[in-house]
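Some notes on the structure that comes next.
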Amino acid sequence: MKKRVFIDMDGTLYRFHDHILDESGHVQIEKMYELDFFVKLESFENMKEAINLLHSVDKEEIEIFILSSADTKEVVHQKNICIDRDFPFIDEEHRLFPKTWESKTDKIPEGIYVGDILIDDYNVNLEQWKDKGGTSIKFVNNINHQGKGRYGGDVGKLWEHEILRYDMKPKEIVLNIEEIIGIQRDRFLFRFPDEEKNKGIMEKVSSVFNEWNLCEHDSKVYLVFTGDLEESITFDYEWMIKNMDAETIEDGCFSSYAEALYNWIDSVIQDIRDLGVWNEEKGHDFYLSVEEIEYCGLKEIYQDEKENDLEMMEEMDEIDK
Numbered sequence: 063m064k065k066r067v068f069i070d071m072d073g074t075l076y077r078f079h080d081h082i083l084d085e086s087g088h089v090q091i092e093k094m095y096e097l098d099f100f101v102k103l104e105s106f107e108n109m110k111e112a113i114n115l116l117h118s119v120d121k122e123e124i125e126i127f128i129l130s131s132a133d134t135k136e137v138v139h140q141k142n143i144c145i146d147r148d149f150p151f152i153d154e155e156h157r158l159f160p161k162t163w164e165s166k167t168d169k170i171p172e173g174i175y176v177g178d179i180l181i182d183d184y185n186v187n188l189e190q191w192k193d194k195g196g197t198s199i200k201f202v203n204n205i206n207h208q209g210k211g212r213y214g215g216d217v218g219k220l221w222e223h224e225i226l227r228y229d230m231k232p233k234e235i236v237l238n239i240e241e242i243i244g245i246q247r248d249r250f251l252f253r254f255p256d257e258e259k260n261k262g263i264m265e266k267v268s269s270v271f272n273e274w275n276l277c278e279h280d281s282k283v284y285l286v287f288t289g290d291l292e293e294s295i296t297f298d299y300e301w302m303i304k305n306m307d308a309e310t311i312e313d314g315c316f317s318s319y320a321e322a323l324y325n326w327i328d329s330v331i332q333d334i335r336d337l338g339v340w341n342e343e344k345g346h347d348f349y350l351s352v353e354e355i356e357y358c359g360l361k362e363i364y365q366d367e368k369e370n371d372l373e374m375m376e377e378m379d380e381i382d383k
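Quick note: the sequence shown, position 319, residue 381 per my numbering, numbers continuous.
As structure tokens, then:
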């Protein structure tokens, strides 16, 4: 039997509160009845991408439902437009629209099963769901989870159970949901799915620094510190077991290039910071390409270092003048 995941819309998939609250944080209900109010709401992009990704990788193991309050046919119509646009794989049978005064727990087909998951931004919904035996995950958006009351969370009380945050990366959101559901996945392969690209990156990592060497043996990947080898020495698994201690070999052993890359990301970050990313001609000067750096999830760090390098070069140009 597939696990069921029920997802709220307002404040969870879409930035509802950015448009329904005034500058003082008061709700302006009348705005909900403006033309195409819900259709015009911006999505939480990371969450939108995560739900699409969750469906694509786990559709054989989970069912995804929309569970969102709607008091009028027009609101239902607008929300269906949003779902058709952003989540076309969710069919009519998996779209549930209780009234705002109804408990969401009363609208679940056949009732709530143990293990049914609700992702919602509102504590009351989450508590009611949990009381019925389901699993509740709080979606922390840019407004709630502050202990200020209603949309800011219960006064003086923050949700103390499972949470997802709007600023988490899509893959991170999926991995967290999978962990809660109990889906087992090779996290390294999921985070870095292109094995050829993983291998190429790790070969570049080892080639830049002569003291690090890379080899494969029996479906394992080894990246170990050997010091400066003479060019006549061929580094391979046989050489390694004859010349190195078992602990060093084991420490450098990975089950895949994806795992090796994951474990070496911190070292790549340090290389970006230590080696710099721009040469004197203000061109890219790093052993990984821009695309490979982005693939590693290091785009922001790369951009920051690029800006720092440019500022430093501009300061040096001023001194030379």
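The C-beta atom is built at its ideal place from N, Cα and C for all residues, glycine as well. The model shown is predicted, which means the values in this text are computed figures rather than measured ones.
Paired residues, beta bridge with Cys-315 - DSSP: Working through the sequence shown from its first residue, we reach residue 315 at position 253. Tyr-284.
Which listed residue (Ala-322, Ser-105, Trp-274, Met-302) has its alpha carbon closest to that of Gly-283: Taking the first residue of the sequence shown as 1, we reach residue 283 at position 221. For the record, residue 283 in the displayed sequence is Val; it is not Gly. For the residues Ala-322, Ser-105, Trp-274, Met-302, the minimum Cα distance to Val-283 belongs to Ala-322.
Segment limits, beta strand (DSSP E) that includes Trp-191: Position 129 of the sequence shown holds residue 191. Where Trp-191 is concerned, there is no enclosing beta strand (DSSP E), although the alpha helix (DSSP H) it sits in stretches over 185-193.
Below-8 angstroms beta-carbon distance, Arg-227 vs any chain C residue: Looking at the structure shown, chain C is missing, and only one protein chain is on hand.
Complete beta strand (DSSP E) runs within the segment 63-122 (minimum length 3 residues, chain order): 65-69
Meets three-Cβ-pair contact criterion under 8 angstroms: the segment 302-314 and the segment 324-334: no
DSSP three-state assignment for Phe-127, whether helix, strand or coil: Taking the first residue of the sequence shown as position 1, residue 127 is located at position 65. If DSSP states are grouped into helix, strand and coil, Phe-127 belongs with the strands.
Reference Asp-72; option with closest CA among Ser-317, Phe-201, Ile-124, Gly-262: On the sequence shown, residue 72 is found 10 positions in, with the first residue counted as 1. Considering only alpha carbons, the answer is Phe-201.
Touching by the beta-carbon criterion (3+ pairs, under 8 angstroms), the segment 186-202 and the segment 161-172: yes
For Lys-121 and Lys-65, the rounded distance between their alpha carbons: Here residue 65 is taken as the residue at index 3 of the sequence shown, counted from 1. Here residue 121 is taken as the residue at index 59 of the sequence shown, counted from 1. So the two alpha carbons sit approximately 10 angstroms from each other.
Which of helix, strand or coil DSSP assigns to Lys-200: Mapped onto the sequence shown, residue 200 falls at position 138. Correct three-state label for Lys-200: strand.
Rounded Cβ spacing between Ile-124 and Ile-243 (contact assumed at less than 8 angstroms): The sequence position of residue 124 within the sequence shown is 62, counting from 1. The sequence position of residue 243 within the sequence shown is 181, counting from 1. Rounded, the Cβ-Cβ distance is 7 angstroms, consistent with contact.
Contact the segment 309-319 vs the segment 349-361: 3+ CB pairs below 8 angstroms: no
N- and C-terminal bounds of the alpha helix (DSSP H) containing Asp-146: To locate residue 146, count along the sequence shown from 1; it is residue 84. Start and end: 135-148.
Selection from Glu-373, Asp-333, Ile-311 that minimises the alpha carbon distance to Leu-360: Stepping through the sequence shown from its first residue, residue 360 is reached at position 298. Among Glu-373, Asp-333, Ile-311, the Cα nearest to that of Leu-360 belongs to Asp-333.
Whole-angstrom distance between Phe-149 and Lys-261, CA atom to CA atom: Counting from 1 along the sequence shown, the entry for residue 261 is found at position 199. Counting from 1 along the sequence shown, the entry for residue 149 is found at position 87. So the two alpha carbons sit approximately 34 angstroms from each other.
Beta-carbon proximity of Phe-127 to Phe-68, cut-off 8 angstroms: Stepping through the sequence shown from its first residue, residue 127 is reached at position 65. Stepping through the sequence shown from its first residue, residue 68 is reached at position 6. Their beta carbons are under 8 angstroms apart, which means Phe-127 touches Phe-68 by this criterion.
Neighbourhood of Lys-266 by C-beta, 7 angstroms cutoff - its chain only, sequence neighbours within 5 removed: For the purposes of this step, residue 266 is taken as the residue at position 204 of the sequence shown. Tyr-349, Leu-350, listed in sequence order.
Test item: CB-CB of Leu-251 and Ala-320 under 8 angstroms: As a position in the sequence shown, residue 251 is number 189, starting the count at 1. As a position in the sequence shown, residue 320 is number 258, starting the count at 1. Cβ distance < 8 angstroms, so Leu-251 and Ala-320 count as in contact.
Under the three-state DSSP convention, the category Arg-335 falls into: What you label residue 335 is simply residue 273 of the sequence shown in a count that begins at 1. If DSSP states are grouped into helix, strand and coil, Arg-335 belongs with the helices.
Of the listed residues Glu-353, Tyr-324, Cys-358, Glu-367, nearest to Leu-336 (C-alpha basis): Counting from 1 along the sequence shown, the entry for residue 336 is found at position 274. First, the residue type needs correcting, since residue 336 is Asp and not Leu in the sequence shown. Considering only alpha carbons, the answer is Glu-367.
Per-residue burial, Tyr-324 [other beta carbons within 10 Å of its own, 16 or more giving buried]: Numbered from its first residue, the sequence shown carries residue 324 at position 262. With 16 or more other Cβ atoms within 10 Å, it is buried.
Extent of the continuous beta strand (DSSP E) to which Trp-221 belongs: Sequence index remark: in the sequence shown, residue 221 carries index 159 (1-based). That residue, Trp-221, is in no beta strand (DSSP E); it is neither H nor E in DSSP.
7 angstroms CB neighbourhood of Pro-232 in its chain, flanking five on each side removed: Here residue 232 is taken as the residue at index 170 of the sequence shown, counted from 1. Answer for Pro-232: Asn-108, Glu-111, Ala-112, Leu-115, listed in chain order.
Assigned secondary structure, Trp-326 (DSSP; H/G/I helix, E/B strand, else coil): Here residue 326 refers to the residue found at position 264 of the sequence shown. Residue state, collapsed to three classes: helix.
Alpha-carbon spacing of Leu-180 relative to Asn-206, whole angstroms: As a first step, residue 180 must be located in the sequence shown, where it is residue number 118. As a first step, residue 206 must be located in the sequence shown, where it is residue number 144. Each residue's Cα considered, the two are about 17 angstroms apart.
One or two residues paired with His-279 in a DSSP bridge: Residue 279 sits at position 217 when you count from the first residue of the sequence shown. For His-279, which the question treats as bridged, DSSP gives the partners Lys-282.
Among Tyr-299, Asp-182, Gly-195, nearest to Val-176 - alpha-carbon criterion: The residue you call residue 176 lines up with position 114 of the sequence shown. The shortest C-alpha separation from Val-176 is found at Gly-195.
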